[in-house]
Amino acid sequence: MTHQPVLLNEVLEYLDPKPGGQFIDATLDGGGHATAIAERIAPGGRLIGIEWDTELLKQFEAKNKSSKFKDIIIPVNDSYVNIVEIAAKHDMKPEGILFDFGLSSWHYEQSGRGFSFNKDEPLDMRFNPFAGIPAVKMINLYEIAELEQILRDYGDEQFSRQIAGAISEARRKQPIMTTARLVEVIGSAVPEWYKRRKIHFATKTFQALRVVVNNELANVKKGIEKALEILKPGGKMIAISFQGHEDKIVREVFKEHVKKGDIILPAHRTIRPSWDEQKQNRRSRSAKMKVAQKI
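Just so we're aligned, residue 492 is where the sequence shown starts under our numbering, counting upward by one.
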(Lines of atoms letter the chains of each structure in order from A and count residues from 1; the text may use other names and numbers.)
(Lines give C-alpha, C1' and ligand atoms only; values in the text may rest on other atoms or scores of the structure.)
Protein backbone atom coordinates (compact mmCIF):
# COMPACT_ATOMS: atom_id res chain seq x y z
CA MET A 1 0.00 0.00 0.00
CA THR A 2 1.44 3.40 -0.92
CA HIS A 3 1.40 6.14 1.64
CA GLN A 4 -1.13 8.80 0.67
CA PRO A 5 -0.16 12.30 1.76
CA VAL A 6 -2.85 13.61 4.09
CA LEU A 7 -4.47 17.05 3.63
CA LEU A 8 -2.32 17.66 0.53
CA ASN A 9 -4.51 20.42 -0.98
CA GLU A 10 -4.69 22.24 2.35
CA VAL A 11 -0.90 21.97 2.83
CA LEU A 12 -0.30 23.49 -0.61
CA GLU A 13 -2.90 26.21 -0.05
CA TYR A 14 -1.32 27.43 3.21
CA LEU A 15 2.35 26.95 2.33
CA ASP A 16 1.69 28.50 -1.10
CA PRO A 17 5.02 27.35 -2.66
CA LYS A 18 6.31 29.42 -5.60
CA PRO A 19 9.19 28.89 -8.09
CA GLY A 20 12.57 29.37 -6.39
CA GLY A 21 11.13 28.74 -2.90
CA GLN A 22 13.05 27.17 0.01
CA PHE A 23 11.19 24.55 2.06
CA ILE A 24 11.75 21.80 4.61
CA ASP A 25 9.62 18.67 4.86
CA ALA A 26 10.65 17.58 8.36
CA THR A 27 8.93 14.17 8.02
CA LEU A 28 9.68 13.05 4.46
CA ASP A 29 8.18 9.53 4.62
CA GLY A 30 7.28 8.39 1.06
CA GLY A 31 7.77 11.92 -0.27
CA GLY A 32 4.13 12.64 -1.24
CA HIS A 33 4.01 16.13 0.25
CA ALA A 34 7.63 16.86 -0.73
CA THR A 35 7.07 15.97 -4.41
CA ALA A 36 3.95 18.14 -4.62
CA ILE A 37 5.86 21.10 -3.11
CA ALA A 38 8.88 20.42 -5.39
CA GLU A 39 6.61 20.66 -8.42
CA ARG A 40 5.65 24.19 -7.43
CA ILE A 41 9.09 25.48 -6.42
CA ALA A 42 10.72 24.38 -9.71
CA PRO A 43 12.73 25.87 -11.24
CA GLY A 44 15.38 27.07 -8.81
CA GLY A 45 13.74 25.99 -5.56
CA ARG A 46 15.14 23.65 -2.91
CA LEU A 47 13.46 21.32 -0.45
CA ILE A 48 15.20 19.45 2.36
CA GLY A 49 13.40 16.21 3.18
CA ILE A 50 14.26 14.86 6.64
CA GLU A 51 13.59 11.17 7.36
CA TRP A 52 14.66 9.37 10.55
CA ASP A 53 13.90 5.87 9.25
CA THR A 54 16.95 4.59 7.34
CA GLU A 55 14.95 2.11 5.25
CA LEU A 56 12.29 4.64 4.23
CA LEU A 57 14.98 7.12 3.23
CA LYS A 58 16.75 4.48 1.09
CA GLN A 59 13.48 3.79 -0.72
CA PHE A 60 12.90 7.49 -1.33
CA GLU A 61 16.49 8.04 -2.56
CA ALA A 62 16.11 5.19 -5.07
CA LYS A 63 12.97 6.89 -6.49
CA ASN A 64 14.46 10.36 -6.34
CA LYS A 65 17.55 9.46 -8.41
CA SER A 66 15.48 9.13 -11.57
CA SER A 67 12.99 11.85 -10.66
CA LYS A 68 12.79 15.23 -12.38
CA PHE A 69 13.03 16.73 -8.89
CA LYS A 70 16.37 15.10 -8.01
CA ASP A 71 18.11 18.50 -7.99
CA ILE A 72 15.36 20.10 -5.92
CA ILE A 73 14.76 17.56 -3.13
CA ILE A 74 17.70 16.97 -0.76
CA PRO A 75 17.00 13.82 1.31
CA VAL A 76 18.61 13.75 4.79
CA ASN A 77 18.72 10.80 7.20
CA ASP A 78 18.33 12.47 10.59
CA SER A 79 15.80 13.40 13.24
CA TYR A 80 13.85 16.63 12.85
CA VAL A 81 15.00 17.66 16.34
CA ASN A 82 18.27 18.55 14.56
CA ILE A 83 16.49 20.82 12.05
CA VAL A 84 18.59 23.90 12.97
CA GLU A 85 21.88 22.11 12.19
CA ILE A 86 20.45 20.50 9.04
CA ALA A 87 19.26 23.86 7.65
CA ALA A 88 22.61 25.50 8.49
CA LYS A 89 24.56 22.72 6.78
CA HIS A 90 22.56 23.26 3.57
CA ASP A 91 22.62 27.04 3.96
CA MET A 92 18.83 27.30 3.98
CA LYS A 93 16.50 29.84 5.55
CA PRO A 94 13.15 28.13 4.87
CA GLU A 95 9.99 30.03 4.01
CA GLY A 96 7.87 26.97 4.79
CA ILE A 97 8.23 23.95 7.08
CA LEU A 98 5.94 20.92 7.21
CA PHE A 99 5.58 18.31 9.96
CA ASP A 100 3.36 15.27 9.37
CA PHE A 101 3.53 13.23 12.56
CA GLY A 102 1.55 10.29 11.15
CA LEU A 103 2.96 6.80 10.91
CA SER A 104 3.64 5.61 7.36
CA SER A 105 1.48 2.85 5.86
CA TRP A 106 4.82 1.16 5.12
CA HIS A 107 5.56 0.90 8.84
CA TYR A 108 2.34 -1.05 9.38
CA GLU A 109 2.37 -3.10 6.20
CA GLN A 110 6.00 -3.87 5.37
CA SER A 111 8.54 -2.79 7.98
CA GLY A 112 8.42 -6.07 9.93
CA ARG A 113 9.11 -4.13 13.14
CA GLY A 114 5.95 -4.85 15.10
CA PHE A 115 3.94 -1.65 14.60
CA SER A 116 0.75 -3.55 13.74
CA PHE A 117 -1.25 -5.78 16.07
CA ASN A 118 -2.67 -7.52 12.97
CA LYS A 119 0.65 -9.16 12.09
CA ASP A 120 2.95 -11.54 13.94
CA GLU A 121 6.30 -9.74 14.04
CA PRO A 122 9.20 -9.14 16.45
CA LEU A 123 8.44 -6.40 18.98
CA ASP A 124 10.74 -3.58 17.90
CA MET A 125 8.67 -0.46 17.03
CA ARG A 126 11.69 1.81 16.43
CA PHE A 127 11.56 4.23 13.50
CA ASN A 128 15.33 4.02 13.33
CA PRO A 129 16.47 0.45 14.12
CA PHE A 130 19.94 1.76 15.00
CA ALA A 131 18.79 4.06 17.81
CA GLY A 132 16.89 3.73 21.08
CA ILE A 133 15.45 0.81 23.04
CA PRO A 134 13.19 -1.69 21.21
CA ALA A 135 9.71 -2.41 22.60
CA VAL A 136 10.71 -6.00 23.44
CA LYS A 137 13.10 -4.72 26.12
CA MET A 138 10.49 -2.39 27.54
CA ILE A 139 7.86 -5.15 27.70
CA ASN A 140 10.17 -7.69 29.32
CA LEU A 141 12.38 -5.56 31.57
CA TYR A 142 10.39 -2.54 32.80
CA GLU A 143 8.76 -2.62 36.25
CA ILE A 144 4.98 -3.18 36.33
CA ALA A 145 4.36 0.31 37.74
CA GLU A 146 6.37 1.88 34.90
CA LEU A 147 4.51 -0.12 32.23
CA GLU A 148 1.19 0.82 33.79
CA GLN A 149 2.13 4.50 33.74
CA ILE A 150 3.25 4.32 30.09
CA LEU A 151 -0.05 2.73 29.01
CA ARG A 152 -2.07 5.23 31.04
CA ASP A 153 -0.16 8.42 30.17
CA TYR A 154 0.66 7.76 26.51
CA GLY A 155 -2.19 5.50 25.43
CA ASP A 156 -5.05 6.70 27.67
CA GLU A 157 -5.62 3.00 28.32
CA GLN A 158 -8.35 2.52 30.94
CA PHE A 159 -7.17 -1.03 31.70
CA SER A 160 -3.50 -0.06 32.06
CA ARG A 161 -3.16 -1.70 35.51
CA GLN A 162 -4.71 -4.99 34.38
CA ILE A 163 -2.65 -5.12 31.15
CA ALA A 164 0.63 -4.31 32.95
CA GLY A 165 -0.20 -7.05 35.49
CA ALA A 166 -0.91 -9.60 32.74
CA ILE A 167 2.37 -8.70 30.97
CA SER A 168 4.28 -9.19 34.22
CA GLU A 169 2.59 -12.56 34.82
CA ALA A 170 3.18 -13.81 31.26
CA ARG A 171 6.84 -12.77 31.00
CA ARG A 172 7.66 -14.63 34.24
CA LYS A 173 6.88 -17.86 32.41
CA GLN A 174 8.40 -16.88 29.08
CA PRO A 175 9.64 -13.61 27.52
CA ILE A 176 7.07 -11.83 25.31
CA MET A 177 8.88 -11.58 21.96
CA THR A 178 6.22 -11.02 19.29
CA THR A 179 3.22 -8.83 18.55
CA ALA A 180 0.89 -11.85 18.39
CA ARG A 181 1.91 -12.94 21.90
CA LEU A 182 1.49 -9.39 23.24
CA VAL A 183 -2.01 -9.15 21.71
CA GLU A 184 -2.86 -12.48 23.38
CA VAL A 185 -1.67 -11.19 26.77
CA ILE A 186 -3.62 -7.91 26.39
CA GLY A 187 -6.70 -9.94 25.41
CA SER A 188 -6.42 -11.99 28.60
CA ALA A 189 -6.45 -8.80 30.71
CA VAL A 190 -9.42 -6.87 29.33
CA PRO A 191 -13.17 -7.60 29.61
CA GLU A 192 -15.12 -9.17 26.73
CA TRP A 193 -17.13 -6.02 25.96
CA TYR A 194 -13.85 -4.16 25.42
CA LYS A 195 -12.91 -6.63 22.68
CA ARG A 196 -16.17 -6.07 20.84
CA ARG A 197 -15.71 -2.32 20.34
CA LYS A 198 -14.94 -0.70 16.97
CA ILE A 199 -11.38 0.14 18.03
CA HIS A 200 -9.15 -2.93 18.50
CA PHE A 201 -8.46 -3.66 22.18
CA ALA A 202 -4.65 -3.58 21.62
CA THR A 203 -4.63 -0.18 19.84
CA LYS A 204 -3.89 1.97 22.86
CA THR A 205 -1.18 -0.31 24.25
CA PHE A 206 0.61 -0.42 20.89
CA GLN A 207 0.33 3.37 20.53
CA ALA A 208 1.72 4.00 24.02
CA LEU A 209 4.70 1.68 23.50
CA ARG A 210 5.53 3.19 20.10
CA VAL A 211 5.36 6.76 21.44
CA VAL A 212 7.76 5.95 24.30
CA VAL A 213 10.12 3.79 22.21
CA ASN A 214 10.60 6.70 19.78
CA ASN A 215 10.42 9.49 22.37
CA GLU A 216 7.76 11.01 20.13
CA LEU A 217 6.13 13.61 22.35
CA ALA A 218 9.36 15.22 23.58
CA ASN A 219 10.58 15.27 19.97
CA VAL A 220 7.40 16.93 18.69
CA LYS A 221 7.84 19.84 21.13
CA LYS A 222 11.58 20.15 20.46
CA GLY A 223 11.15 19.90 16.67
CA ILE A 224 8.47 22.60 16.48
CA GLU A 225 10.38 24.99 18.76
CA LYS A 226 13.57 24.54 16.71
CA ALA A 227 11.73 24.93 13.41
CA LEU A 228 10.21 28.24 14.52
CA GLU A 229 13.76 29.50 15.21
CA ILE A 230 14.88 29.02 11.60
CA LEU A 231 11.66 29.90 9.78
CA LYS A 232 11.94 33.09 7.71
CA PRO A 233 9.81 36.04 8.89
CA GLY A 234 6.54 35.77 6.97
CA GLY A 235 7.16 32.04 6.51
CA LYS A 236 4.58 29.41 7.44
CA MET A 237 4.75 26.21 9.42
CA ILE A 238 2.24 23.38 9.22
CA ALA A 239 1.90 20.60 11.79
CA ILE A 240 -0.35 17.59 11.11
CA SER A 241 -0.95 15.30 14.08
CA PHE A 242 -2.93 12.10 14.45
CA GLN A 243 -3.27 11.65 18.18
CA GLY A 244 -4.50 13.89 20.96
CA HIS A 245 -1.20 14.15 22.85
CA GLU A 246 0.68 15.43 19.78
CA ASP A 247 -2.08 17.83 18.82
CA LYS A 248 -2.11 19.25 22.36
CA ILE A 249 1.67 19.85 22.27
CA VAL A 250 1.40 21.67 18.92
CA ARG A 251 -1.49 23.77 20.26
CA GLU A 252 0.41 24.70 23.46
CA VAL A 253 3.64 25.61 21.63
CA PHE A 254 1.75 27.77 19.12
CA LYS A 255 -0.26 29.43 21.91
CA GLU A 256 2.94 30.28 23.79
CA HIS A 257 4.54 31.85 20.70
CA VAL A 258 1.39 33.84 19.85
CA LYS A 259 1.61 35.32 23.38
CA LYS A 260 5.29 36.18 22.83
CA GLY A 261 4.32 37.88 19.57
CA ASP A 262 6.53 35.59 17.43
CA ILE A 263 3.75 34.12 15.31
CA ILE A 264 0.17 34.57 14.19
CA LEU A 265 -2.29 31.80 13.33
CA PRO A 266 -3.56 32.26 9.74
CA ALA A 267 -6.05 29.43 10.29
CA HIS A 268 -7.66 30.01 13.67
CA ARG A 269 -9.31 26.64 13.63
CA THR A 270 -7.92 23.14 13.40
CA ILE A 271 -8.17 21.95 9.79
CA ARG A 272 -9.61 18.48 9.25
CA PRO A 273 -9.69 16.30 6.11
CA SER A 274 -12.77 16.64 3.90
CA TRP A 275 -15.37 13.88 3.98
CA ASP A 276 -14.22 12.76 0.52
CA GLU A 277 -10.62 12.41 1.67
CA GLN A 278 -11.69 10.49 4.76
CA LYS A 279 -13.63 8.05 2.56
CA GLN A 280 -10.69 7.56 0.18
CA ASN A 281 -8.02 7.33 2.88
CA ARG A 282 -9.23 5.88 6.17
CA ARG A 283 -6.00 6.80 7.94
CA SER A 284 -6.67 10.49 7.34
CA ARG A 285 -9.70 10.42 9.65
CA SER A 286 -7.88 11.41 12.82
CA ALA A 287 -5.65 14.03 11.13
CA LYS A 288 -5.60 17.55 12.60
CA MET A 289 -3.69 20.34 10.91
CA LYS A 290 -2.53 23.57 12.51
CA VAL A 291 -0.82 26.51 10.78
CA ALA A 292 1.48 29.20 12.16
CA GLN A 293 3.06 32.18 10.42
CA LYS A 294 6.24 33.80 11.73
CA ILE A 295 6.12 37.55 12.23
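Note that beta-carbon positions come from the ideal geometry of N, C-alpha and C, so glycine has one too.
- Annotation: residue 586 to residue 783 spans about 12 Å, alpha carbon to alpha carbon.
- Here the alpha carbons of residue 505 and residue 616 stand approximately 33 Å from one another.
- Under the three-state reduction of DSSP output, residue 688 falls in the coil class, being neither helix nor strand.
- Under the DSSP assignment, residue 714 falls in the alpha helix (DSSP H) whose first and last residues are 707-721.
- With 16 or more neighbouring CB atoms inside 10 Å of its own CB, residue 646 falls in the buried class.
- When DSSP states are grouped into helix, strand and coil, residue 514 belongs to the strand group.
- Under the 10 Å beta carbon count, residue 698 is surrounded by 16 or more other beta carbons and is classified as buried.
- When the alpha-carbon of residue 613 is set against those of 582, 671 and 568, the nearest one is in 671.
- Secondary structure note for residue 596: its alpha helix (DSSP H) is the uninterrupted segment 596-600.
- In this structure, the beta-carbon distance from residue 519 to residue 542 falls below 8 Å.
- The alpha-carbon of residue 685 is positioned some 10 Å away from that of residue 693.
- Residue 743 and residue 611 have their C-alpha atoms some 38 Å from each other.
- When 658, 590 and 509 are compared, the shortest CA-CA separation from residue 531 is found for 509.
- Residue 503 and residue 768 have their C-alpha atoms spaced approximately 15 Å apart.
- At a cut-off of 4 residues, the continuous stretches assigned as alpha helix (DSSP H) that sit fully inside the stretch 493-576 are 499-506, 523-532 and 545-556.
- If you keep only unbroken alpha helix (DSSP H) runs of at least 4 residues inside the stretch 596-640, you get 596-600 and 626-632.
- Taking C-beta atoms under 8 Å as the contact rule, residue 636 and residue 656 fail to qualify, at a distance of about 11 Å.
- If you ignore the 5 residues before and after residue 534, its C-beta comes within less than 7 Å of the C-beta of 510, all in its own chain and listed in chain order.
- Taking the C-beta atoms as reference points, residue 538 is found nearer than 8 Å to residue 514.
- The three-state reading of DSSP puts residue 650 in coil, since its state is none of H, G, I, E or B.
- Between residue 758 and residue 588, the C-beta spacing is not below 8 Å.
- Ranked by how close their Cα comes to the Cα of residue 726, the residues 584, 517 and 551 have 584 in first place.
- Taken through DSSP and simplified to helix, strand or coil, residue 703 comes out as helix.
- Assignment of beta-bridge partners to residue 591 by DSSP yields 731.
- Look at residue 696 here: in three-state DSSP terms it is helix.
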